[in-house]
Amino acid sequence: MTQFSANRGFPAGNPIANALVIIVGSLVIGASIVLGFVAFVVLSVILMIVAAVVGIRLWWFRRKFAKAGADKGGKPGDPPGPSGVIEGEYRVVVEEREERQD
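Numbering (the numbering used here), first residue to last: 422 to 523.
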């Protein structure tokens, strides 16, 4: 038959072994907390660096496009593209009407 013990604590009956288990367990838990915090900090720093690079790159593109729009006669800050002036060739077609003489 299976015997159940009333004391379900540590498996070893030696108090020195029990103390070592407590000390080693505490060190493992502490090390895992410290390593988890370090991993969190490292990932946060990497995320902030990536966000800064993307932000600077977007700012650079906006600045570049605004400067290109200003070179085409638009105001600085206007988006690039048509400024309301259409360039091209055209030909005036005059419709001739026949006048009726009754």
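Beta carbons are placed, not taken as given, at the ideal position from N, Cα and C, and that holds for glycine. Since the model is a prediction, treat every value here as computed from it, not as a measurement.
Can you grab the Cα-Cα spacing for the pair residue i / residue j, in whole Å?
i	j	result
residue 459	residue 474	23 Å
residue 487	residue 508	21 Å
residue 443	residue 453	15 Å
residue 470	residue 464	10 Å
For residue i, name the three-state secondary structure that DSSP assigns.
i	result
residue 512	coil
residue 439	helix
residue 362	For the chain, the structure presents residues 422 to 523; residue 362 sits outside this window and is missing.
residue 518	coil
residue 476	helix
residue 446	helix
residue 434	coil
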